[in-house]
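The first sequence begins at 10 in the working numbering and counts up by one.
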Amino acid sequence: MTAERDDDRIDYDFRRLEAKWLPVWDELQPFDTSDDADERPRKYVLDMFPYPSGDLHMGHAEQYALGDAVARFWRHRGFNVLHPIGWDSFGLPAENAAIKRGGDPATWTYENIAQQRESMRRYAASFDWSRVIHTSDPEYYKWNQWLFLEMYKKGLAYRKESLVNWDPVDQTVLANEQVLADGTSERSGALVVKKKLTQWFLRITDYADRLLEDLDKLEGRWPHKVLTMQRNWIGRSYGADVDFVIEGRDEPVTVYTTRPDTLFGATFMVVAPDSDLAAELVSTASAETQARFADYLAQVQKTSAIDRQNADREKTGFFLERYGVNPMNGERLPIWTSDYVLADYGHGAIMAVPAHDQRDLDFARAFDLPVRVVIDVTQAEEPPVDADGRPLAFDEVDPAATGEATAGDGVLINSGPLDGKPKAEAIAAAIELLGERGTGRAAKNYRLRDWLISRQRYWGTPIPVMYDEDGAEVLVPEADLPVRLPDGEGLDLKPKGSSPLGAATEWKTTTTPDGRPAVRDTDTMDTFVDSSWYFLRFLSPNDSTQAFDPAAAKRWAPVDQYIGGIEHAILHLLYARFITKVLHDLGHLEFDEPFDALMNQGMVVLDGAKMSKSKGNFVKLGDELDQYGVDAVRTTMLFASPPEEDVDWADVSVAGSGKFLARAWRVAQDVAAPVGVDFADGDVELRRAVARFFDEVPKLCEGFKLNVVVAKLMELTNVTRKAIDSGVGPADPAVREAAEAIAMVLDLFAPYTAEDMWQALGHEATVAHAVWPTPDAALLVEETVTAIVQINGKVRDRLEVPPSIADDELEALALEADGTKRAVGDKQIVKVITKAPKFVNIVVKG
RNA sequence: GCCGGUGUGGCGGAAUGGCAGACGCGGCGCACUCAAAAUGCGCUGUCCGCGAGGGCGUGCGGGUUCGAGUCCCGCCACCGGCACCA
């Protein structure tokens, strides 16, 4: 920029642009989607809605920059884009804040929402502000209650007593999905303990097969990682249920095994100490054993998940003085108890085959129980070998000697009718044999457990159930919904192991529909219930007669593009898939997967580590916005890397993005060709660059390569600058064409800058509505292309040739090229591969 | 242990089996300036060479191919998920 220009022009100033355009957009409401008659094709682009814990932070800035670029992209492609926003506003932080500072969770929540909403407005997120929802509004959570009643009536919501996860810090139960692999709560970080309680569950396990199998439909459209995580989480396994007659017990005990082929190798049985079965079996044992059992059970219940999951732990347990009978060979098997068997998986009891299961082997070796090999792994198709590749002999892989169970493939031995069969065949044969005898059958099992939704906290959806004087469950009639939360002010919200609602005596006391006295359920629902269907509420956010309008659902749903963090890979996404299938089965929806495509954006980190206020490596979004402006922050977020990768704020230059935006903006200021000029009269080279740009950019956007789109914008800005300063000059129509192209695409990243450029170029707001042109095919064909000439695969020369050149012409030119002559010398040409017009490879010898 | 992903300059990252390192950051140099900032221009993988030019180079080792960052096989490292789930 020259000195004169400084004198007579206003320079790029993001503060001025933000102040100038926000009120205009407020007035225009450019992203309103209320016109049902709009005939453009539709897209539903949804960003995972935020939890209102304080103001927006850098993570939000990344997520909403990405979601907004995607939404804006489809609008520029001529789509009617639904891009709504709301708040996931029930939950513990509000309640904990209220306890800490006094006051009401509602006040804290709605103040934060107001702040976040204002920040999103400033951030220029292209939301349809007419569809805002808050899950903590009675108008919203009424439909959680409706959903619960619907599910109850179908037997999908039920109450049972079981061992559940208890968070001693938040003083509430948690779903399995909310407990991390290390046994801590994903929310509070506390070590979760097991507690026996009666709680409400949703029968997600009924949907396990569909939740698993329908993941195949999402292949290629959801991140592979998320699909894998969900498959792991559901954890389906195939095997058999086998009935073992128990001496002194009428009913046989069923065990689940994935290896019915190894039944002849079973040498004992094990039951989970915390199962009802263990308590029953031990009741006939000696007084000494019973006492020992009581101690052991107490010990086990104290053991944290973190310890219990440690497979290296010493095996513990003891003999229950009972015997089962192997249905395959009639053998008597001692029954032991040990905490390596889990009460809530399979049937809480196993048959132990120490030779072929490492856990059983560890136990057998610890307590001197017999080990019987029934699979000869040395006869497998790929038998085990030592370090030098020599096949191992049978006695070298003997589990009893090596301590290593042989779980792999092999051929059955010591197994009567199964002898000689390979593993897979033997499994099928064993199941058939069991079937014939009526002592077993094929079965499958899941890691997935039913979804525990009761929470002993205040700030959530009341469960619409009451209990009469006999304690029987009575549903709140649909007409009486919502069951509103009592005012939180004045209620003691401190966690004390039972719901604060229990203290709301007046609220709690009610009557059944037929007039009998009753008390309400005082627990509230897991907030993941709220978020499992919120994407449907956006379609008819103010409908007071139904959860969502089926006609609107038909019009917009399912979500075409969902965008959010990987932290919800299992929790929210699994629940939303489940509830969608339930709503489908109840006849409310035509589709049964909620999110057609999913994109997980990466995190914003600092110096390679997750940002954390307590560790001091923290960047405040507000500071960045104040210093560099919204556009520069948004552009930086998306230019830094492909959106699914993490962005390290230490590696980026927000100032650099700002420099680029100023450069682009100045190009628009310098355009001298009048608005409406015929671009066909413009400089052909620059026009070709614009055509290529509009050819490439949509493909890049669809592939989420937004960082490359920013790079293309920078390239086009650079060549346009050159055309103005040292080329065809500012009055050339192609310069205008290029500047308009930059404005229209820059809108994805920097809406303020793009809007101001658009205006400077003589157009009316808003650039967000400008549909990108289809490039002229003639301009995409180059006049000349650079053909590369390789000798033995190494580039030795380049030739400018017409794109229509024939193979033999190009080959002739290549053989005469200087670089060819130099590199070939007196060597012999063996072969020439020519792919006109791009390249020639000459293979030489000698 | 099982499953999945990722490895490219000083850094972030580009690259339908066909010019590796686009674009940017950082660095160096230059112009403008009394000076600085801002702005603009140029150079910037590495080694050899004054240069022309050449050697090497996408985690490691093989393979397919006229040609491999890209495809195949085997490793290594890091990241993530699952894991006493029978």
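Quick reminder that beta carbons are idealized off the backbone N, C-alpha and C, glycines included.
Taking all protein chains shown into account, HIS233 has fewer than 16 neighbouring C-beta atoms within 10 Å of its C-beta and is therefore exposed. Within the region 493 to 545, the runs of beta strand (DSSP E) that reach at least 3 residues and sit entirely inside it are, in chain order, 518 to 520 and 526 to 529. Within 10 angstroms of the beta-carbon of PRO760 lie 16 or more other beta-carbons, which makes it buried. Taking C-alpha positions only, GLY617 is separated from ASP657 by approximately 6 Å. Taking the CA atoms as reference points, ALA134 sits about 23 Å from SER145. Contact check for GLN465 against ASP532 passes: the beta carbons are separated by less than 8 Å. In this structure, GLY95 keeps its C-beta atom at 8 Å or more from the C-beta atom of VAL33.
Residue state for GLY95 is assigned as strand, using DSSP reduced to three classes. Fully contained in the region 11 to 93 are the following beta strand (DSSP E) runs of length 3 or more, in chain order: 51 to 56 and 89 to 91. DSSP, read as helix, strand or coil, puts TRP781 in coil.
Using a Cβ-Cβ distance cut-off of 8 Å, the region 39 to 50 and the region 570 to 589 are not in contact, since fewer than three pairs of beta carbons, one from each stretch, lie closer than that value. If you keep only unbroken alpha helix (DSSP H) runs of at least 4 residues inside the region 641 to 709, you get 663 to 679. Around the C-beta of GLN180, 16 or more other C-beta atoms lie within 10 Å, and the residue is accordingly described as buried. For THR298, there is no enclosing beta strand (DSSP E); the residue is part of the alpha helix (DSSP H) that begins and ends at 296 to 311.
Around the Cβ of LEU789, a 10 Å sphere holds fewer than 16 other Cβ atoms; the residue is exposed.
Listed as beta-bridge partners of TYR265 by DSSP are ASP250. Remark: C-beta atoms of GLU340 and ALA294 do not approach each other more closely than 8 Å. Rounded to whole angstroms, the separation of the alpha carbons of GLU159 and GLY596 is 11 Å. Of the residues ALA296, ASP660 and LEU378, the one whose Cα lies closest to the Cα of GLY326 is LEU378. Contact between the region 84 to 99 and the region 45 to 55 is present: 3 or more CB-CB pairs across the two stretches fall below 8 Å.
Per DSSP, ILE797 is one residue of the beta strand (DSSP E) stretching across 794 to 800. In the three-state scheme derived from DSSP, where H, G and I count as helix and E and B as strand, ARG126 is classed as helix. Collapsing the DSSP output to three states places PHE210 in a strand. Boundaries of the beta strand (DSSP E) harbouring PHE328: 327 to 334, taken from the DSSP string. By the C-beta density criterion, TYR161 is buried, having at least 16 other C-beta atoms within 10 angstroms.
Counting only runs that start and end inside the region 105 to 159, the alpha helix (DSSP H) elements of at least 4 residues fall at 114 to 131. Here the alpha carbons of LYS629 and MET620 stand approximately 10 Å from one another.
Sorting GLN187, VAL728 and TRP542 by C-alpha distance to the C-alpha of ARG696 places VAL728 at the top. Under the three-state reduction of DSSP, PRO471 is assigned to strand.
Contact between GLY274 and ALA364 is confirmed by a C-beta separation of about 5 Å, below the 8 Å threshold. Annotation for LYS234: the continuous alpha helix (DSSP H) segment containing it runs 233 to 243.
Distance between THR762 and VAL538, taken at the CA atoms: about 40 Å.
PHE277 places its beta carbon less than 8 Å from that of TRP345. In terms of Cα proximity to MET360, the closest of LEU443, THR271 and ILE436 is THR271. Nearest in C-alpha terms to GLN208, of all of PHE376, ARG168 and THR214, is ARG168.
Around the beta carbon of GLN636, a 10 Å sphere encloses fewer than 16 other beta carbons of the protein chains shown; the residue is thus reported as exposed.
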